[in-house]
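Report on one structure; see the data block that follows.
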Amino acid sequence: MAKTSVAPDESDLSEDFYQRIEPLLYRRIAREVRDAERVLDLGCGGCELARRLASAPGRKVIGVDVHGDSFPERDAIEPGMRRRLRCIKADARRLEFVRSSSIDAAVSTWALHEMERASEVLIEVRRVLRRGGKLVIVDFPHDSIAKRLWRENYYRPEEVHGLLRGAGYTRISVRLVQRNQVIWARAFKPLPKEEET
Ligand SMILES: C[S@@+](CC[C@H](N)C(=O)[O-])C[C@H]1O[C@@H](n2cnc3c(N)ncnc32)[C@H](O)[C@@H]1O
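To convert, count from 1 in the sequence shown and add 750; that's this note's numbering.
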């Protein structure tokens, strides 16, 4: 009997793979942070995700990127959203403009691998998250079509897990999703009772 191939369909893993799955990932992220009133987007680029998250009434979103070149012009942001969305040019290792324990959720897409001294970023994000606050990181994994396409240094899931553990997060989950082409990491700033254990 002929063997059934279980190899992924390479034709689907084409250059626009990540572009195609982005709307789905954004929806998943929006679900992850649906209860958060104050959200931080780390390495926000052109603030697309931050903008989308800021469309939820009552929520305030701060997008942070070390390069501000892709930020939208103020006029390009819907007037009703301007008070809810701030795009700030800053290094995510130094968020001195954010009060400690004031953020409900932090998100980051395709940026962790670009961040120098990522452990310092994660420690700083832990400072600004409230206790029990959630961090969601989406990035390209080391073994992926992204690596073949762009040849950058991407983390392995266990490395992301180690970074999160080292930075003092709890309830860490790091998974490969979307045909193993995406790292999906979730972690929390410990509650007092979680720090005791
Ligand atoms: C590949 S882009 C992703 C942008 C956006 N998150 C997206 O999904 O399109 C990575 C971004 O991370 C930013 N970045 C790298 N290191 C950073 C740091 N230490 N602090 C803040 N942003 C940083 C870069 O400037 C770049 O805009």
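Glycine is no exception: its CB is placed at the ideal position from the N, C-alpha and C atoms.
Shown here, V871 sits in a helix according to DSSP, grouped into three states. Per the coordinates, the alpha-carbon of A917 lies some 31 Å from the alpha-carbon of F767. Here V886 is not near E798, since their CB atoms are 8 Å or more apart. A804 and V811 do touch by the CB rule: their CB atoms are close to 4 Å apart, below 8 Å. Taking 7 Å as the cut-off, one finds at least one heavy atom of ligand 1 near enough to the beta carbon of M865. Straight across, the Cα-Cα distance linking L941 with E823 is about 38 Å.
Each residue's CA atom was taken as its position, placing L913 and L790 some 19 Å apart.
By the Cβ criterion, the segment 876-894 is not in contact with the segment 819-833, since fewer than three pairs of Cβ atoms, one from each stretch, lie closer than 8 Å. Between R867 and S850 a beta carbon distance of about 20 Å is seen, past the 8 Å cut, so the two are scored as non-contacting. Along the length of the segment 764-852, whole beta strand (DSSP E) runs at least 3 residues long occupy 788-792, 810-815, 835-839, reported in chain order. Of all alpha-carbon atoms in A855, D819, L845, the one lying nearest the alpha-carbon of E870 is that of L845.
DSSP lists I933 as the beta-bridge partner residues of D889. Going by beta carbons, T920 and E902 fall outside the 8 Å limit. Using a 10 angstroms sphere on the CB of R881, the tally of other CB atoms stays under 16, which defines it as exposed.
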